[in-house]
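Start counting the sequence shown at 1; every next residue gets the next number (the working numbering).
Think of the CB as a built atom: it goes at the ideal place given N, C-alpha and C, for glycine as much as any other residue.
Everything below concerns the one structure shown next.
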Amino acid sequence: MVHRKRAEIFTDIKDVLEHVLHGIETQDSAEIKEWSNHIIHNASVFQDKYSVRTGILVYALSKIHERYKFEKNARMWERFWSEIITDIRLVVRSLEANDEKNIDKGYRLITRQINSADKKFSEHIQHVLEKAKVQKAWKVYEHGVSLGRVAELMGVSKWDAMQYLGQTRTSDYKEAVSEHIKQRFKQVKDVFKPRKVKP
Numbered sequence: 001m002v003h004r005k006r007a008e009i010f011t012d013i014k015d016v017l018e019h020v021l022h023g024i025e026t027q028d029s030a031e032i033k034e035w036s037n038h039i040i041h042n043a044s045v046f047q048d049k050y051s052v053r054t055g056i057l058v059y060a061l062s063k064i065h066e067r068y069k070f071e072k073n074a075r076m077w078e079r080f081w082s083e084i085i086t087d088i089r090l091v092v093r094s095l096e097a098n099d100e101k102n103i104d105k106g107y108r109l110i111t112r113q114i115n116s117a118d119k120k121f122s123e124h125i126q127h128v129l130e131k132a133k134v135q136k137a138w139k140v141y142e143h144g145v146s147l148g149r150v151a152e153l154m155g156v157s158k159w160d161a162m163q164y165l166g167q168t169r170t171s172d173y174k175e176a177v178s179e180h181i182k183q184r185f186k187q188v189k190d191v192f193k194p195r196k197v198k199p
């Protein structure tokens, strides 16, 4: 694990959240997702809880942002994004002040907003949060972080992390084997392919 100063971590997260705010205000889902990928890369390298939590929540927000425009209850979503913007700004101010208590408060408020945005969509939003966790867990794991550390960072049990990562690796293995078989079959065909005899 690479160590760096807390001030550097907070400065980087603040920069990410400011870009996320811009993405929300300009209706740019791709920008939000792009900065989620940036912060989770840092989390995989530095393994700090603030980068991981930011990556999870920003990813969840990007997925919600991609879909909310197709929903009919525009007023509800306007209120949702207005409150999310307020909460993100609280986190940004707290990062500038190195105020960990209010940073945590801001993250809790954002999580609560995602979970309770609407009763009809609560299960879907919860699914997005869980999906964010497992996808980010795999990206972190790919960077060489231990299984136990992945589970700790993501707030899931080691067993749940192992199940997901095991399934993913099995899938990757099957694809690799399948590709290997195709390649071997091609080589055999090439060996037995009729050769043109020169006159």
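Taking 7 Å as the cut-off, the beta carbon of Asp48 is found closer than this to the beta carbon of Ile9.
Lys63: member of the alpha helix (DSSP H) spanning Lys49 to Tyr68, first to last residue. When only Cα atoms are considered, Val20 and Arg149 end up about 27 Å apart. Scanning its chain for C-beta atoms nearer than 7 Å, with the 5 sequence neighbours on each side dropped, one finds around Thr111 the residues Leu57, in chain order. Between Thr54 and Val16 the beta-carbon gap is near 6 Å, inside 8 Å, which marks them as a contact. Exclusion of the five residues before and after Ser51 leaves Ile9, Ile13, Ile39, Asn42 and Ala43 as the residues of its chain whose Cβ lies within less than 7 Å of its Cβ. Looking only at Trp35, Ala30, His22 and Tyr68, the smallest Cα-Cα distance to Ile114 is reached by Tyr68. For the set Arg75, Ser62 and Asp104, the Cα lying nearest the Cα of His22 is the one of Ser62.
Here Glu66 is near Ser29, since their CB atoms are less than 7 Å apart. In this chain, the alpha helix (DSSP H) harbouring Ser94 covers Ala74 to Glu96. Contact check for Ser36 against Tyr59 passes: the beta carbons are separated by less than 7 Å. For Ala74 and Leu109, the gap between their C-alpha atoms comes out near 21 Å. Just so you know, the alpha carbons of Ile85 and Glu96 end up roughly 17 Å apart.
Here the C-alpha atom of Ile24 lies approximately 8 Å from the C-alpha atom of Trp81.
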